[in-house]
Amino acid sequence: MGRITLTDIDRAYGKMKILHNINLDVGDGEMLVLVGPSGCGKSTLLRLIAGLDRPTGGRIEIDGADVTEVSAARRGLAMVFQSYALYPHMSVRQNLAFGLENIRMPKAEIDARIAEAARMLDIAPYLDRRPGQLSGGQKQRVAIGRAVVRNPTAFLLDEPLSNLDAELRISTRAELAALHKRLATTMIYVTHDQVEAMTLADRIVVMRSGRIEQVGRPLDLYNAPANLFVAGFIGAPRMNLLPVKVSSVSGTQVHVEGPGGLSATIAADGTALRPGDEATLGIRPHDIELSDDSKGSVEARVTLAEALGPETVVHAIIAGDNRLVAVLKRQDVQTQGQPINLTLPTERMHLFDSAGLRVASR
């Protein structure tokens, strides 16, 4: 079992409040990813779950037992750090065995666990090497292996891929996803990288300023962001956000007008907006299309075109300083300063009110 429940969790340092009323239920065997910008409180929350810090208020439960005041050593959790935290004077084998030897586990059981973890993580050839003789990716696999041999109730991973280069991060991410499926053990994973969150998570928790903005499956957050912050944070490239004004409301149809000749009728809650209201229209870069006809499209001017082979990322400006990014499934390379017409499909649009809350989407 590995169910973790957080109820009304607060954390303050003096008068500075870091976490605000966090409520979260992590299912047994779930991969839950905490994501958000630096300083949002995600690592602090992980430390509270681990028992390395105590909440100012609220309750932490593991499999129904209150562990709020229980020490880290007695919670049955294993943590993997960004910095690996390996003992440099010990071999890989000794690093893996160290925690088990401290609890006086029989040597035969320790050897069996090390052999299984080494096979699972493909680190058997390195067991007699020291950390200084390993690459970054190998060190991270050893750090994960040290957690695996403990057979914990849950794994806590604090930005474990941040020290790796881009290519190694992708391959290690895939290995971590495969490991989670193989172990079927609860994992809580902290990252500032929304691509990691999208590819690894069963559910994502988006945090900002010590609060939870939205919780959901990756595609639910991508397709139906609760507010402007989530809309701009989840997705790469980030969602385009354009200022618009509501011109008319008819039942569940809201007509808006914006820069560059933008005019669209969007399915929406007609009671949430009124004519004259300021709003924000959102559309994903991958949903925008290049148009040969100015009718029904938005006029833009290219500022940069990035040819990536199967697609071209076009950066453009609409009516003044309204910036827009389009990912076009073609190899045409537009030149800087070139005028273009872009189609923004109505069924792919998102609408947010003046408070930044979602009121409509496809």
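Sequential numbering of the sequence shown, starting at 16, is according to my numbering.
For glycine and all other residues, C-beta sits at the position ideal for the given N, C-alpha and C.
No experiment lies behind these values; they were computed from the predicted model shown.
Skipping 5 residues on each side, what residues in its chain have a beta carbon closer than 8 Å to that of residue i?
i	result
D180	G151
A320	T327, V328, V329, H330, V348, Q349, T350, Q351
L308	First, the residue type needs correcting, since residue 308 is Asp and not Leu in the sequence shown. Correct list, in chain order: N356.
N242	E228, Q229, F367, G371, L372, R373
M222	L49, V50, G51, C55, G56, K57, L60, E228
S106	L142, D143, R144, R145
L236	I219, V221, Q229, V245, I249
T358	I303, E304, L305, S306, G311, S312, V313
E84	R69
Based on DSSP bridge pairs, tell me the residues matched to residue i.
i	result
G231	I219
L257	L296
H270	S263, T280
L359	Note: L359 sits in no beta bridge, so no partner.
Considering Cα atoms alone, identify which of the options is closest to residue i.
i	options	result
L323	V41, R345, T187	R345
S369	I118, P167, L61, L257	L257
E228	R128, V210, G247, D217	G247
A65	A112, I37, N38, D173	D173
L67	L171, G29, H104	L171
R316	P325, R338, T295	R338
G460	K154, A88, L21	There is no way to answer for residue 460, as the model of the chain reaches only from 16 to 377.
S98	A334, N178, P240	N178
L92	A158, G17, D40	G17
D208	S224, M135, P175, E190	P175
A133	V164, E124, K122	V164
So residue i packs on residue j, CB below 8 Å; how close in whole Å?
i	j	result
V264	R289	6 Å
R232	D302	20 Å between Cβ atoms; not a contact.
Y204	L215	6 Å
D25	N36	6 Å
T187	Q148	In fact, because the Cβ distance is near 19 Å, the residues do not count as touching under 8 Å.
Quick one: what's got a C-beta closer than 6 Å to residue i's C-beta in the same chain, skipping five residues either side?
i	result
H270	S262, S263, T280
V82	I75, R90
R253	G247
A158	V95, Y99
Give me, in chain order, the residues of the same chain whose beta-carbon lies closer than 7 Å to that of residue i; leave out the 5 immediate sequence neighbours on both sides.
i	result
A199	G44
At which residue ranges does the region 281-345 contain complete beta strand (DSSP E) runs of 3 or more residues, listed in the order of the chain? Runs of the beta strand (DSSP E) inside the region 281-345: 293-298, 304-306, 313-322, 327-333, 337-343.
Suppose only complete runs of 3+ residues qualify. What are the beta strand (DSSP E) ranges in the region 187-221, listed by chain order? Segments of the beta strand (DSSP E) lying fully in the region 187-221: 201-206.
Extract the residue ranges of the alpha helix (DSSP H) inside the region 100-155, only unbroken runs of 4 or more that lie entirely within it. You should have 107-117, 122-136.
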